[in-house]
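Protein chains: 2
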Amino acid sequence: MGNRAPTLEDVAREAGVSRATVSRVVNGVRNVAPEIQRSVRDAIDRIGYRPNQAARSLVTRRTGTVALVLSATGRSFTARVFSDPFFGRVVDGVLPVLRRREIQPVLLVAESEQARGQLVEYLRQGGADGALVVPLDEDDPLPSMLMAAGLPTVLFGRPREGERCAYVDLDNRAGARLAAEHLWATGRRRPAAIAAPVTAPTAGERLDGFRDALAAHGVTSVPVVRGRYTVDSGRRAMARLLKDHPDLDAVFAANDLMAQGACQYLREQGVSVPGTVAVVGFDDSVAARKARPQLTTVRQPVERMAAAMATQLVERLDGTRSEPAAEVFAPVLVVRESA
Amino acid sequence: MGNRAPTLEDVAREAGVSRATVSRVVNGVRNVAPEIQRSVRDAIDRIGYRPNQAARSLVTRRTGTVALVLSATGRSFTARVFSDPFFGRVVDGVLPVLRRREIQPVLLVAESEQARGQLVEYLRQGGADGALVVPLDEDDPLPSMLMAAGLPTVLFGRPREGERCAYVDLDNRAGARLAAEHLWATGRRRPAAIAAPVTAPTAGERLDGFRDALAAHGVTSVPVVRGRYTVDSGRRAMARLLKDHPDLDAVFAANDLMAQGACQYLREQGVSVPGTVAVVGFDDSVAARKARPQLTTVRQPVERMAAAMATQLVERLDGTRSEPAAEVFAPVLVVRESA
DNA sequence: TTGAAAGCGCTAACAC
DNA sequence: GTGTTAGCGCTTTCAA
Chain A
2 MGNRAPTLED
12 VAREAGVSRA
22 TVSRVVNGVR
32 NVAPEIQRSV
42 RDAIDRIGYR
52 PNQAARSLVT
62 RRTGTVALVL
72 SATGRSFTAR
82 VFSDPFFGRV
92 VDGVLPVLRR
102 REIQPVLLVA
112 ESEQARGQLV
122 EYLRQGGADG
132 ALVVPLDEDD
142 PLPSMLMAAG
152 LPTVLFGRPR
162 EGERCAYVDL
172 DNRAGARLAA
182 EHLWATGRRR
192 PAAIAAPVTA
202 PTAGERLDGF
212 RDALAAHGVT
222 SVPVVRGRYT
232 VDSGRRAMAR
242 LLKDHPDLDA
252 VFAANDLMAQ
262 GACQYLREQG
272 VSVPGTVAVV
282 GFDDSVAARK
292 ARPQLTTVRQ
302 PVERMAAAMA
312 TQLVERLDGT
322 RSEPAAEVFA
332 PVLVVRESA
Chain B
2 MGNRAPTLED
12 VAREAGVSRA
22 TVSRVVNGVR
32 NVAPEIQRSV
42 RDAIDRIGYR
52 PNQAARSLVT
62 RRTGTVALVL
72 SATGRSFTAR
82 VFSDPFFGRV
92 VDGVLPVLRR
102 REIQPVLLVA
112 ESEQARGQLV
122 EYLRQGGADG
132 ALVVPLDEDD
142 PLPSMLMAAG
152 LPTVLFGRPR
162 EGERCAYVDL
172 DNRAGARLAA
182 EHLWATGRRR
192 PAAIAAPVTA
202 PTAGERLDGF
212 RDALAAHGVT
222 SVPVVRGRYT
232 VDSGRRAMAR
242 LLKDHPDLDA
252 VFAANDLMAQ
262 GACQYLREQG
272 VSVPGTVAVV
282 GFDDSVAARK
292 ARPQLTTVRQ
302 PVERMAAAMA
312 TQLVERLDGT
322 RSEPAAEVFA
332 PVLVVRESA
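Listed in order, the protein sequences are those of chains A and B. Adding 1 to a residue's 1-based position in the first sequence gives its number in this note's numbering. Adding 1 to a residue's 1-based position in the second sequence gives its number in this note's numbering.
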């Protein structure tokens, strides 16, 4: 009980070799006679040796760890993160890439100013070899802070103006255009939009893309209400839109959750979807398929994007890649029932 | 650029003192003359020194880090975690306790057998000073593995039989009884239940408590359908119940999400809630208040429980507390609109 | 292929 | 109050 954990030294003694040899075996370096390898491994098992990560990091300057950081500047952070399938998809995309290389993924949350400070401090003191950052808000200073700290960093979404940081992103404008064109092509002439929160990184692009495409068809004014990326806010937004514009015949929501809320509200009010009002969502999350009616939506390949993000970071850590790059993914329209 | 990061040594030289003195200043140990403190701090700022966490851990045998582990043995792990507000509440409860003591919280996910192995290995190599574990499934071996590894661990929910592990829990039986008594007291005589997944840690207790309380009133048979803790599964369960038992007048769901789904389905079918069928949920999550009708539910003080869990671990790490303890919280019935 | 030895950057006795 | 010194457990030249 009071015993200290066995060290390399103990293994070496037990196996009758030098520490260097044990180290070689543990790290899978070649040039160790098979028989010695065996006896070292036996000794390790016998005394239950585990390498001390701190000692190892001290000399290798590596932790074998990558941080996945969820960061927000606004309020109700955890409520947002743990009720939006989006973040689960990011995690799903990142994990396999990291696990495959035996890199330990650690999730870090920066839910406040103070937390952001602690987090940066933690990382620059060697808490992880690199960071994958998913900012929930447009103005998040965290990416800049990490870049300044010299930590290899890849972002989900475009970095702030002037920031030279690796990132993956979706062509959000193009996605919104797809939605607009589909609605137009199916005869909708009085479309409205439920936009993202002003502070959301994608808010501007998705709304602009939608408006631009419609403008090209001569639709100059589109009613817009902002939601907060939740089902409930989608319902409320829909209620407002319907009250102010009872004749609208289509709604583009900036994510599936809000689209789902809009559908719910419409049907409760006896408005047929897609008969009277067509609804298009964004993301193609599980919510899109679960919703009734099933959502027509713009697919964002979140898992693939997240995997690309992780791959890019890992390659940078490997030295396989030197320059930070940008990878922009193309959206695809998925037509189901709601439009 | 190619420069190595500044070390204690560099600061010492810059400030014209010894490494020990710099160390004292950095660690806030008293017995350092104020003027020297100042000059050391200046030197630190000037050369941008950050302590190396690995070196520090090597000698202190501390990382200043606590792991919050979400672990599951079943499928679709991330989908569950990132769409159920429950986990957000756990995080909300844990964070402030840790932040206050400048302990870095790291979220670790164990979504597979392999991941569990890597995770245990990571922790026993000194990845964190202790672990707060939230098992999603009853049979999760992770707590035992961590105990075996000698890592200070506190669980959310009762440990497996025979396992001597600190934990916090809700008196789930009592909670279910509250629901049953309320329904009975308000004249419901044909109650049904939407139970938790068989594999959920709380499944048995909540169902048993509900049944026992009703049995005491002479209700010997209660229709039960199992859901999966999601809104959607609640809808489907409700559909089954209603089809098989069209005369039921009350439903107890094992969490709010399923209760919400049940309400949705009932209302869509033109069944009045609570007029014809009363619905009681469990947890008192945000979903309970957001749902229409607002949910009558059994409150589980998740944030407080999570905070208690963190506090218990922190005290053990401090040495303030030596014995692992159990803290069981009492549920409260919150009567709103649905029953 | 193996071993000896020199650190990695820091803390904590212990001496002054 | 401050400095000296001996490690913490590991990797990695460099010789043998």
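Note that the Cβ used here is the ideal one computed from N, Cα and C, for glycine as well. Keep in mind that this is a model prediction, so the values were computed, not measured.
* Asked: Is B:A6 helix, strand or coil by DSSP?
  -> B:A6 carries a coil assignment under DSSP once its states are collapsed to helix, strand and coil.
* Asked: Looking at the C-beta of B:V336, does it have a partner C-beta in chain A at a distance below 8 angstroms?
  -> No, B:V336 does not count as interfacial toward chain A.
* To do: Could you name the residues of chain B that A:D130 contacts, counting a contact when the two beta carbons are closer than 9 angstroms?
  => Chain B residues near A:D130: none, gap ~12 angstroms exceeds 9 angstroms.
* Asked: Since B:A309 meets chain A, which of its residues come closer than 7 angstroms, beta carbon to beta carbon?
  -> Neighbours of B:A309 in chain A, taken as residues whose beta carbon is under 7 angstroms from its own, are absent, since the nearest beta carbon is some 18 angstroms off.
* Asked: So is A:D233 in contact with chain B if we call contact Cβ pairs under 8 angstroms?
  -> Yes, A:D233 counts as interfacial toward chain B.
* Asked: Would the beta-carbon of A:R161 fall within 8 angstroms of that of A:G210?
  -> One thing to note: A:R161 has its Cβ no nearer than 8 angstroms to the Cβ of A:G210.
* **Nearest-angstrom Cα separation, counted from B:N256 out to B:M2** => Note that B:M2 scores 41 on pLDDT, short of 50, meaning its location in the model is unreliable and no value can be drawn from it.
* If you check the beta carbons only, do A:V155 and A:A193 fall under 8 angstroms apart? -> Pairing A:V155 with A:A193 gives a Cβ-Cβ distance that is not under 8 angstroms.
* Where the beta strand (DSSP E) containing A:E328 begins and where it ends -> Run containing A:E328: A327 to F330, per the beta strand (DSSP E) assignment.
* DSSP bridge partner residues for A:R25 (one or two, in chain order) -> A:R25 has no beta-bridge partner at all, per DSSP.
* Note down, in chain order, every chain A residue with its Cβ under 7 angstroms from the Cβ of B:L88. => Here the sequence assigns Phe to residue 88 of chain B, which means Leu is not the residue at that position. Neighbours of B:F88 on chain A, chain order: F83.
* Asked: Does the separation of the CB atoms of A:L314 and A:L133 fall below 8 angstroms?
  -> It is a contact, given that the beta carbons lie within the stated cut-off.
* Asked: Name the DSSP bridge partner or partners of B:A311?
  -> According to DSSP, which records beta bridges pairwise, B:A311 is partnered with nothing at all.
* Asked: With 8 angstroms set as the bound, which would you pick, yes or no: does the beta-carbon of B:V274 sit closer than that to a beta-carbon of chain A?
  -> For B:V274, not one C-beta of chain A is nearer than 8 angstroms to its own C-beta.
* To do: Output, in chain order, the set of chain B residues within a Cβ distance shorter than 8 angstroms of A:N53.
  => Neighbours of A:N53 across chain B, judged by C-beta separation under 8 angstroms: L59, Q126 and G127.
* To do: On the DSSP bridge assignment, give the partners of A:Q105 in chain order.
  => Answer is A:T66, bridged to A:Q105.
* Exposed or buried, what is A:T221 when buried is set at 16 or more other beta-carbons lying within 10 Å of its beta-carbon? -> With fewer than 16 other Cβ atoms from the protein chains shown falling within 10 Å of its own Cβ, A:T221 counts as exposed.
* Between which two residues does the beta strand (DSSP E) carrying B:R227 extend? -> DSSP places B:R227 in the uninterrupted beta strand (DSSP E) bounded by V225 to R227.
* To do: Classify B:S41 as buried or exposed, calling it buried when 16 or more other Cβ atoms lie within 10 Å of its own Cβ.
  => Going by the sequence as given, residue 41 of chain B is Val instead of Ser. Buried is the call here.
* Below 8 angstroms on the Cβ atoms is my guess for B:S84 versus B:A111; work out the distance and round it to an integer in Å. => Taking a contact as a CB-CB distance under 8 angstroms, the pair B:S84 and B:A111 does not count as one, their CB atoms being some 18 angstroms apart.
* **Rounded separation between A:S323 and B:F78 - CA only** => The alpha-carbon atoms of A:S323 and B:F78 are separated by roughly 34 angstroms.
* Return the Cβ separation of A:V280 and A:A340 in integer angstroms, given the expectation that the two are a contact with Cβ distance under 8 angstroms. => That pair is a contact at about 6 angstroms.
* Asked: Is B:L108 close to chain A, meaning its C-beta is less than 8 angstroms from at least one C-beta of that chain?
  -> Put simply, the CB of B:L108 is near chain A, with a gap under 8 angstroms to one of its CB atoms.
* Closest by CA to B:R191, which one among B:A197, B:A181 and B:V199? -> Out of B:A197, B:A181 and B:V199, B:A181 has the C-alpha closest to the C-alpha of B:R191.
* Asked: Comparing the C-beta of B:E10 with each C-beta of chain A, is any distance below 8 angstroms?
  -> Chain A contact via Cβ: absent.
* **Cβ-Cβ distance between A:T74 and A:D130 below 8 angstroms** => No.
* To do: Taking only beta carbons into account, state which residues of the stretch 281-310 of chain A come closer than 7 angstroms to chain B, listed in chain order.
  => If the cut-off is 7 angstroms between Cβ atoms, the stretch 281-310 of chain A has V287 and K291 near chain B.
* A:D285 classed as buried or exposed, judged by whether at least 16 other C-beta atoms fall within 10 angstroms -> A:D285 is buried by the Cβ-count criterion.
* Which runs of the beta strand (DSSP E), 3 residues or longer, sit entirely within the stretch 166-224 of chain A? -> The qualifying runs are 167-171 and 192-196.
* Asked: Which residue spans inside the stretch 262-313 of chain A form an unbroken beta strand (DSSP E) run of at least 3?
  -> Runs found: 279-284 and 297-300.
* Sub-8 angstroms separation of B:L143 and B:P153 beta-carbons -> In this structure, B:P153 does not lie closer than 8 angstroms to B:L143 by Cβ.
* Bounding residues of the beta strand (DSSP E) (the contiguous stretch that carries B:A251) -> Counting along the chain, the unbroken beta strand (DSSP E) around B:A251 starts and ends at A251 to A254.
* Cβ pair B:F283, B:A254 closer than 8 angstroms -> Closer than 8 angstroms, so yes.
* To do: For A:T74, decide whether its Cβ has a neighbour in chain B, counting only Cβ atoms nearer than 8 angstroms.
  => A:T74 does not count as touching chain B.
* Minimum Cβ-Cβ distance from B:V315 to chain A less than 8 angstroms -> Not an interface residue.
* Against chain B: residues of the stretch 14-41 of chain A by CB proximity under 9 angstroms -> Flagged: no residues at all.
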